[in-house]
């Protein structure tokens, strides 16, 4: 299973999102620290979940980082997070 697929599966199972987007942005970081030629090192996740209602931004990031601890300890070098509750405006 690809790193992107593992990230999406873990977040979906834990957060039951109404919307999720996992983007592999590794190609934008070629030659940077942590980049590997095969990619799957730099990701952006956009998640909308009721699990984030009443939860601050820092705690949302902590929860996602904890869910993806294995990936962050291994193949993932960078993770950009946009986590919102369904009632919040804006992207994702």
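Numbering (UniProt numbering), first residue to last: 1 to 92.
All C-beta atoms in this analysis are idealised placements derived from N, C-alpha and C, irrespective of residue type, glycine included.
The structure displayed is predicted, hence computed values, not measured ones.
Practice item. Measuring alpha carbon to alpha carbon, tell me which of 41, 25, 46 ends up nearest residue 11. Key: Minimum Cα-Cα distance from residue 11 among the listed residues 41, 25, 46 corresponds to 46.
Point to revise | Beta-carbon proximity list for residue 18, same chain, < 6 Å, skipping 5 on both sides | key: Result list for residue 18: 48, 86, in chain order.
**Study point:** alpha helix (DSSP H) segment containing residue 21, residue limits
**Key:** Segment 19-24 is the beta strand (DSSP E) holding residue 21; no alpha helix (DSSP H) there.
Exercise for review: Would you kindly report the start and end of the unbroken beta strand (DSSP E) that includes residue 48?
Suggested key: Run containing residue 48: 42-48, per the beta strand (DSSP E) assignment.
Check your understanding: What whole-angstrom Cβ distance do residue 44 and residue 23 have, given they're in contact under 8 Å?
Key -> Indeed, because the Cβ distance is near 4 Å, the residues count as touching under 8 Å.
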